[in-house]
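Reading through the structure tokens given below for one structure.
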Amino acid sequence: MPVHTPFVVERPYNEVEVGESASISKMISEADIVNYAGIIGDFNPVHVNPEYAKTTMFGERIAHGMLTASFISTLVGCCLPGINALYLSQEVKFVKPVKIGDTITAYAEVIEKIDAKQRLILKTVITNQRQEVVVDGKAVVMIMKKP
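Numbering (this note's numbering), first residue to last: -10 to 136.
If you want it as structure tokens, here you go:
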């Protein structure tokens, strides 16, 4: 299932306002988890082995935490602020596991602008289909100037 992004935008720093927000949603599939494991080489059985995962506190396979958090990068690069965003840092707290079939929504809101450095501070949250927070954090983003 594709990531649902409303559009890809390009915005200069001076057009972004404190309080602006954006979100994207994605249903996490088995293929997403297996493909991510292959890309990064993390084949921890809690992610890829259903029999092993049944014996864990989760009772079933869970998505890699960083797979879930990676949708914040999608949000930053496509929506808020969009093209020309340079992702400088991300604080991440993994609050709840994401399981196969969960639909996650990544949300970001501009909470501060640092004009001297043209940086944005974003509150970042990912929720599941039950509106439970699964990832909480904060990002620092710079909008690159065109040459």
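Virtual Cβ for every residue (Gly too), placed ideally from N, Cα, C.
Given the structure is predicted, the values throughout are model-derived calculations rather than measurements.
### Query
If you pair each beta-carbon of the stretch 36 to 49 with each one of the stretch 15 to 27, do three or more pairs fall below 8 angstroms?
The stretch 36 to 49 vs the stretch 15 to 27: in contact.
### Task
Using three-state DSSP, classify Thr44 as helix, strand or coil.
In this structure, DSSP gives Thr44 a state outside helix and strand, which the three-state scheme calls coil.
### Task
Kindly indicate which residue of Glu9, Tyr2, Ile13 has the alpha-carbon position closest to the one of Thr116.
Out of Glu9, Tyr2, Ile13, Ile13 has the C-alpha closest to the C-alpha of Thr116.
### Query
So Ala95 and Ile72 are in contact, right, with Cβ under 8 angstroms, and what is the actual spacing, rounded?
For a cut-off of 8 angstroms, the C-beta gap from Ala95 to Ile72 is around 18 angstroms, too long to register as a contact.
### Query
Whose C-beta lies closer than 6 angstroms to the C-beta of Ser10 among residues of the same chain, with five residues either side of it excluded?
Counting only Cβ-Cβ distances below 6 angstroms, and skipping sequence neighbours, we find Glu98.
### Query
Less than 9 angstroms separating the beta-carbons of Gly126 and Ala74?
Result no, Cβ atoms of Gly126 and Ala74 do not sit closer than 9 angstroms.
### alpha helix (DSSP H) segment containing Phe60, residue limits
Its alpha helix (DSSP H) spans residues 54 to 67.
### Task
Closer than 6 angstroms by C-beta to Met133: which residues in its own chain qualify, once you throw out the five before and the five after it? Chain order, please.
Asn73, Leu75.
### Query
Nearest CA to the CA of Gln120: which residue from Lys85, Glu101, Leu109?
The shortest Cα separation from Gln120 among Lys85, Glu101, Leu109 belongs to Lys85.
### Query
Which residue from Val65, Asp91, Val(-2), Leu109 puts its Cα closest to that of Ile22?
Of Val65, Asp91, Val(-2), Leu109, the smallest CA-CA separation from Ile22 is found for Asp91.
### Task
Could you tell me the distance, in whole angstroms, from the CA atom of Ile51 to the CA atom of Val81?
Ile51 and Val81: Cα-Cα distance of roughly 17 angstroms.
#### Entry: N-terminal and C-terminal residue of the alpha helix (DSSP H) that Tyr2 is part of
It is not in any alpha helix (DSSP H) - Tyr2 carries neither H nor E in the DSSP assignment.
### Query
Between which two residues does the alpha helix (DSSP H) harbouring Ala105 extend?
Run containing Ala105: none; DSSP gives neither H nor E here.
### Query
DSSP three-state call for Glu98: helix, strand or coil?
In this structure, Glu98 counts as strand in the three-state DSSP scheme.
### Message
Just checking: is the beta-carbon of Val123 within a distance shorter than 9 angstroms of some beta-carbon in chain D?
### Response
Absent from the structure is chain D; it holds one protein chain and no more.
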